[in-house]
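From first to last, the protein sequence lines are chains U and P. Residue 455 is where the first sequence starts when you use the working numbering, and the numbers rise one by one after that. Residue 455 is where the second sequence starts when you use the working numbering, and the numbers rise one by one after that. For every residue, glycine included, the Cβ atom is placed at its ideal position computed from N, Cα and C. Note sheet for the following structure.
2 protein chains.
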Amino acid sequence: MRIALDAMGGDHAPGPIVAGAVQAVAADPELRVVLVGDQAQVEPLLAGAAGRDRLELFHCTQVVGMDEAAVVALRKKPDNSISRCWQLLAQRKVDGIVSAGNTGAMVAGGLFLKRFLKNVRRPGIAAFMPTLRGPCVLIDVGANISPKAENLFQYGVMGSIFVKHILQRPSPTIGLMNVGSEEQKGHDLAKETHALFNASSLKDQFVGNIEGRDINRGTADVIVTEGFVGNVVLKTAEGVFEFIIKMATKELLAALDTEKAKAQQALQNLVSRYDYSEFGGAPLLGIDGICIICHGSSGDRAIKNALGVAAQYARSKLNELIEQELAKSPVPDDGN
Amino acid sequence: MRIALDAMGGDHAPGPIVAGAVQAVAADPELRVVLVGDQAQVEPLLAGAAGRDRLELFHCTQVVGMDEAAVVALRKKPDNSISRCWQLLAQRKVDGIVSAGNTGAMVAGGLFLKRFLKNVRRPGIAAFMPTLRGPCVLIDVGANISPKAENLFQYGVMGSIFVKHILQRPSPTIGLMNVGSEEQKGHDLAKETHALFNASSLKDQFVGNIEGRDINRGTADVIVTEGFVGNVVLKTAEGVFEFIIKMATKELLAALDTEKAKAQQALQNLVSRYDYSEFGGAPLLGIDGICIICHGSSGDRAIKNALGVAAQYARSKLNELIEQELAKSPVPDDGN
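Encoded structure:
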């Protein structure tokens, strides 16, 4: 299988991005990676790489900046690496694409092409979150800021298939992010979504409303929410994590005498294990193909993991399963 | 000054609630507390308390359960301690009320009375959040699930006055919770709110959009958001905090040899310092009077702190300042 990798996307590109690709092909003999980016910068990084014959190069001259307004940038820079990735996918020259570049541009690139899976109304981004019982998935974290209930319902269907096959959980539970656990809680969108799940074939997987503090307890394998809330939640969790590790380090260094270094190392291990950039990226579920969006700060390990998730996604034929499941659970026609 | 305290509200009531009142009157010679609750349970807890003459009792026979549906409970239990607190406030027999009971019932009790400050459209709950630069305030965390832009704007005005006088920050900054820092980001509500701030006399305090990861960095003193998002953010932050402390404890106990106990104590200190229940409760801003809502798990220290915030609120005449400021910043008429 062949995955296109945006070699120019990310805070530290292209160095760790290319390194991640080299590690990924070394780990998976069936994987081919097409590095999309500036040949002059990328090619030297491949010198002497094991599996060099499965690392291809697709030259392009432009890059969307990490903070550029996405839609404007895509229009003004036709030869940018993100658009080139999407084009390779649309032409079926690759099975999937991976980027740690501008998230808005990655999503906009996909929405422009409008190549959604059959029966999918709107794609959503599924992000991994750490819990006491292994990772769960939060969907959507920003592809669709103001969705309808049927979008949230479809996120539940897609997220559940993703978790089942990527995290190997036979019957993933689905929770709806809300402000209280009682059924009548929340805004109209939450109430309508609640009703859709309860009337669907996913009824038995649906555990109802969950609250913010339930996320890390592992109360649900898939947590469904609107893109605005999901985005804020994901970044809040990152921020709290960063804050507490900083405060705990300070506190421990002041309190300990002989085991300061060991304590620092222990916290560092915790950070590596739960670092949001290390889960292998967030898939944009619902598009016809595979699209994995990585954290801007991704290092080589995150890129390697993301390519691994893309490969596993392709092998499990997740998109066929999503289409089949959605055909079983039609949502009301919204006229779009 | 006289504050009514819901002696029956909270996971551990009435024990630590009454203890908090005893500590508060001991610390503040001008404070009188009216303990609202079951006389048979409360009175014995007051035996021998210093400042007993400033601890009054208001007997009532009913309690709203922590997980009861608020509106139904208030209707079915007319002699419940939360309604009695609100009535004492409405009759101006007390300057303020404090409860660690059912949050929904506290808010609903206030909305029923509809005694808002002049020019206030809707009250909002302001919750303290820890940051690297001392606490900030997040408003609204659940009083108004689906607000309009003018409500969010007024939350900024009220939150800023609260922070200025309670946290002693001469010119508090105000940020709008959003999914990106650029002005054009977010849903319609965010864009409209952004425009209202920029056209107002608070323009210079307004730092624009902030993201979830900025909260704990102390990027803004006041963070404005809709009740749905604020509630989810607050509870997510609590959950991540709990999760990381648990994981860090485990990691440190495994990694250290001789200083395990010191490390555990250090983390415990961190928890006490940043525990969300220890900030002294969340004011419901915009009502005519003072209303402080405490975390259900509040212990005596949290209750003491909340009574302290209520007293400082009364002394600073914050509600007069809020009315004056809102008169300077009229919002479009919404027909309500």
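Of all residues in the region 690-717 of chain P, only T690, A691, E692, G693, V694, F695, E696, F697, I698, I699, K700, M701, A702, E705, L706, A708, A709, L710, D711, T712, E713, K716 and A717 come within less than 8 Å of chain U when Cβ atoms are compared, listed by chain position.
Here the alpha carbon of R508 (chain U) sits roughly 22 Å from the alpha carbon of I747 (chain U). Between I741 (chain U) and R546 (chain U) the beta-carbon gap is near 13 Å, outside 8 Å, which marks them as no contact. Within the DSSP bridge table, the entry for E510 (chain P) names P:V488 as partners. Boundaries of the alpha helix (DSSP H) around L543 (chain U): S535 to A544. Of the other Cβ atoms in all chains shown, fewer than 16 fall within 10 Å of the Cβ of N723 (chain U); this residue is therefore exposed. The contact set of M520 (chain U) on chain P, defined by CB atoms closer than 7 Å, is empty, because the minimum CB distance reaches about 12 Å. Residues A581, L592 and V595 of the same chain have their beta carbon placed closer than 7 Å to that of L688 (chain P), with the five preceding and five following residues left out of the count. Here N663 (chain U) carries a strand assignment [DSSP, helix/strand/coil].
Per DSSP, reduced to three states, the secondary structure at A691 (chain U) is helical. Shown here for S625 (chain U): same chain residues with a beta carbon closer than 7 Å to its own, the five before and five after excluded, namely Q659 in chain order. Between G613 (chain P) and N670 (chain U), the C-beta spacing is not below 7 Å. Among the residues of the region 717-746 of chain U, those with a Cβ less than 9 Å away from any Cβ of chain P are A717, Q719, A720, L721, N723, L724, R727 and Y728, in the order of the chain. H513 (chain P) sits close to Q493 (chain P), with the two beta carbons spaced by under 7 Å. Bridge partners of F697 (chain P) according to DSSP: none are assigned. With contacts defined as CB atoms closer than 7 Å, L543 (chain U) and G743 (chain U) qualify as a contacting pair. Neighbours of H648 (chain U) across chain P, judged by C-beta separation under 8 Å, do not exist; the nearest C-beta is about 14 Å away.
Residue pairing by DSSP places V552 (chain P) opposite P:L459 and P:I746 in a beta bridge.
Counting along the chain, the unbroken beta strand (DSSP E) around F582 (chain U) starts and ends at G578 to M583.
Residue-level contact check: S600 (chain U) touches chain P, since one or more beta carbons of chain P fall below 7 Å from its beta carbon. Under the 7 Å criterion on CB atoms, V487 (chain P) is classed as non-interfacial with respect to chain U.
Between the region 641-650 of chain P and the region 706-724 of chain P there are fewer than three inter-stretch CB-CB distances shorter than 8 Å, so the stretches are not counted as touching. Boundaries of the alpha helix (DSSP H) harbouring V725 (chain U): K714 to Y728, taken from the DSSP string. Shown here, G740 (chain U) sits in coil according to DSSP, grouped into three states, outside any helix or strand. For L606 (chain U), the enclosing alpha helix (DSSP H) starts and ends at A603 to I620. L567 (chain P) carries a helical assignment under DSSP once its states are collapsed to helix, strand and coil.
Among the CB atoms of chain P, none fall inside 7 Å of the CB of N573 (chain U). Flagged as an interface residue toward chain U: E665 (chain P), by a C-beta distance shorter than 7 Å. In the DSSP annotation of this structure, the continuous segment of the alpha helix (DSSP H) that includes I757 (chain U) starts and ends at D754 to R769. At a Cβ-Cβ threshold of 7 Å, S535 (chain P) and V490 (chain P) count as neighbours. Within chain P, the residues V633 have their CB atoms less than 7 Å from the CB of G596 (chain U), given in chain order. V490 (chain U) has a beta carbon lying at 7 Å or more from every beta carbon in chain P. The Cβ neighbour count for R506 (chain P), taken over all protein chains shown within 10 Å, is under 16; the residue is labelled exposed. Excluding its 5 nearest sequence neighbours in each direction, E779 (chain U) has C-beta neighbours in its own chain below 7 Å: V611 and I615, listed in chain order. Secondary structure at M631 (chain P): strand, using DSSP grouped into helix, strand and coil.
In its chain, beyond the 5 residues on either side, no residue has a beta carbon closer than 7 Å to the beta carbon of E774 (chain U).
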